Amino acid sequence: MATAIRDVGVWRQTRTLLLKNYLIKCRTKKSSVQEILFPLFFLFWLILVSMMHPNKKYEEVSDIELSPMDKFSLSNVILGYTPVTNITSSIMQRVSTDHLPKVIVTEEYANEKELVAASLSKSSNFVGVVFKDTMSYELRFFPEMIPVSSIYMNSREGCSKTCDAAQYWSLGFTVLQASID
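End of the sequence shown sits at 398 in my numbering; the numbers just go up one at a time, nothing left out.
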């Protein structure tokens with residue numbers, strides 16, 4: 218019996234397999250139609266949606282010269298920092314005397330918990346600086362002191378001086394960061 222199958226030939230076996238596959242496809246016509254029409258339907262749907270909502274093209278915004286940093290945008294600020302080391306003390310001393318004189322009062326805190334407790338008891342003009350190591354730090358502002366840039370109420374295409382990103386420049390966040398750096 219095994220020799221009879223070998224004698225049939227490759228062409229006849231291929232033709233038989235193709236016929237068998239065709240008969241199976243005819244029996245499962247619904248799934249065959251779905252295999253062809255669903256990708257076409259989704260392609261049509263994507264084209265239709267992309268035509269209904271085209272990409273907006275905005276004009277190029279010219280570069281502007283920013284004004285010098287206004288050191289007095291940080292008025293009557295209490296600046297607390299932690300941890301207290303020789304390096305952090307020298308950095309904060311330089312910030313309070315050289316960069317921002319008459320503007321900042323610096324206070325030292327032993328750890329971050331004390332800094333958080335002090336920030337809750339002080340007024341809203343308290344700013345905390347947590348040094349992670351000699352090269353990195355975190356600034357801790359009250360939420361009212363910094364702009365909320367993640368809330369999109371309307372289009373920002375006409376935004377200039379009132380943009381949240383520009384408010385970082387005018388509210389003192391950038392001044393303090395540049396002074397510490």
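Using N, Cα and C, we set each Cβ at its ideal position, and we do this for glycine too. Quantities reported herein were computed from a predicted structural model and do not represent experimental measurements.
Notebook entry, point to check: Based on the DSSP output, what are the partners of T299 in its beta bridges?
Noted result: V347
How is the alpha helix (DSSP H) around Y239 delimited, first residue to last? V227 to R244
Grab me the residues of N342's own chain with a C-beta within less than 7 Å of its C-beta, minus the 5 sequence neighbours each way, in chain order. N293, V294 and I295
*DSSP beta-bridge partners for L356?*
V346
Enumerate in chain order the residues of its own chain whose CB-to-CB distance from K273 is below 6 Å, with the five nearest sequence positions on each side excluded.
none
In the structure shown, what three-state DSSP assignment does E276 receive? coil
*When L332, S313, K330 and L337 are compared against L393, the one with the closest alpha-carbon*: S313
Please report the distance separating the alpha-carbon of S306 from that of N328.
S306 and N328 have their C-alpha atoms spaced approximately 14 Å apart.
Check your understanding: From this set, L263, L240, R311 and T323, which residue's C-alpha is nearest G345's C-alpha?
Key -> By alpha-carbon distance to G345, the top candidate from L263, L240, R311 and T323 is T323.
*Mind checking G297: buried by the 16 CB within 10 Å criterion, or exposed?*
buried
For this session: Give the straight-line distance between the Cα atoms of M268 and F259, rounded to the nearest whole angstrom.
Result: 14 Å
Please confirm whether V301 and E277 have their CB atoms less than 9 Å apart.
no
Using 10 angstroms around the beta-carbon of L254, count the other beta-carbons present and answer buried if the total reaches 16, otherwise exposed. So L254 counts as exposed.
| Closest to F359 by CA distance: which of L332, K349 and D350 is it? | Out of L332, K349 and D350, L332 has the C-alpha closest to the C-alpha of F359.
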